[in-house]
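Numbering (our numbering), first residue to last: 100 to 389.
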């Protein structure tokens with residue numbers, strides 16, 4: 100079997116420029132409903148992508164597999180990894196853990212995550228996402244899930260200072276429908292959704308997509324189902340020697356976005372920050388040492 104630190108989706112995306120027209124058509128069909136799209140018979144995938152069987156075989160060989168069965172076997176492995184709960188993830192790691200100290204092992208894993216993730220991010224897509232978030236003619240809605248709400252709130256806290264019209268949306272279905280009343284065509288919805296993907300988040304994405312909103316998705320290497328609805332999708336590697344997934348790469352991406360949007364709007368952002376500091380002084384929120 101072809102082993103790689105990259106998922107099959109990563110390898111497809113990184114090699115799109117090397118594919119023929121038919122192979123690129125097949126690649127997009129696979130990514131559209133990944134990984135389920137490649138789990139059926141070869142003939143079904145070829146029919147769905149409107150390409151020939153030999154095109155499918157050439158494609159999987161370009162990805163490093165000897166044939167379609169080996170390609171499917173790795174997809175199934177990815178699917179099992181995607182569905183793991185925290186206890187299963189911890190057991191899998193400790194079985195093959197190296198003897199080095201956890202500080203070194205964890206740091207090595209995080210550095211690998213950053214390196215592989217950044218290699219897959221298109222600078223033009225990143226710039227487009229930041230430009231959308233900096234467009235004050237659009238409202239920006241930010242939503243996260245059970246765990247990812249922490250980084251969503253971090254993004255919201257900074258964006259709310261940088262520009263007006265930023266709304267934090269709780270992902271629970273008894274609160275977010277109220278925000279749908281105000282979401283308009285062209286507004287921006289930033290969604291943080293990593294495994295185990297939440298049904299509420301997908302339903303929210305479907306509804307804001309139907310309203311013509313622009314969806315920016317921050318997800319993991321297996322990609323949330325929301326990716327099929329998103330206008331821009333950033334995938335971060337999140338596996339570390341822990342029962343929990345790492346938020347380091349998603350947070351790095353978010354902090355870089357904050358910096359980029361701040362630079363785009365700096366004149367207005369500086370005025371907002373000065374006004375905020377004046378309010379802090381009046382309320383004596385922070386200690387003064389002078």
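Here a beta-carbon is modelled for each residue, glycine too, at the ideal position from N, C-alpha and C.
Quick check on residue 302: does DSSP put it in helix, strand or coil? helix
With the cut-off set at 9 Å, would you say residue 134 and residue 321 are in Cβ contact? yes
Measuring only the C-alpha atoms, how far is residue 109 from residue 280? 37 Å
So who's on the other strand from residue 240, going by DSSP bridges? 266, 288
Which residue from 118, 265, 386, 237 puts its Cα closest to that of residue 424? Residue 424 is absent from the structure shown; the chain starts at 100 and stops at 389.
Would you report the Cα separation of residue 247 and residue 256, rounded to the nearest angstrom? 14 Å
Let's see if you can read the secondary structure: which residues bound the alpha helix (DSSP H) around residue 333? Premise fails: residue 333 lies in the beta strand (DSSP E), 331-335, not in any alpha helix (DSSP H).
For residue 268, which of 171, 288, 346 has the nearest alpha-carbon? 288
Does the Cβ of residue 127 have 16 or more other Cβ atoms within 10 Å, making it buried, or fewer, making it exposed? exposed
Keeping to the same chain, check which residues put their C-beta closer than 8 Å to that of residue 168; ignore five residues upstream and five downstream. none
Assign residue 384 to one of three DSSP states: helix, strand, or coil. coil
Buried or exposed by the 16-neighbour rule on C-beta atoms within 10 Å, applied to residue 222: exposed
When burial is assigned at 16 or more other CB atoms within 10 Å of the CB, is residue 102 buried or exposed? In this prediction, residue 102 scores a pLDDT of 49, lower than 50, which makes its location untrustworthy; the coordinate-derived value is nonetheless stated afterwards. Classification for residue 102: exposed.
Which runs of the alpha helix (DSSP H) spanning at least 4 residues fall entirely within the region 130-187, listed in chain order? 141-148, 152-161, 167-181
When DSSP labels each residue in this structure, what does residue 118 get in the three-state scheme? coil
Quick check on the burial criterion: 16 or more other C-beta atoms within 10 angstroms. Buried or exposed for residue 261? buried
DSSP beta-bridge partners for residue 249? Answer by DSSP bridge pairing: none, since residue 249 is not bridged.
Alpha carbon to alpha carbon, how far is residue 172 from residue 266? Give it in angstroms, no decimals. 43 Å
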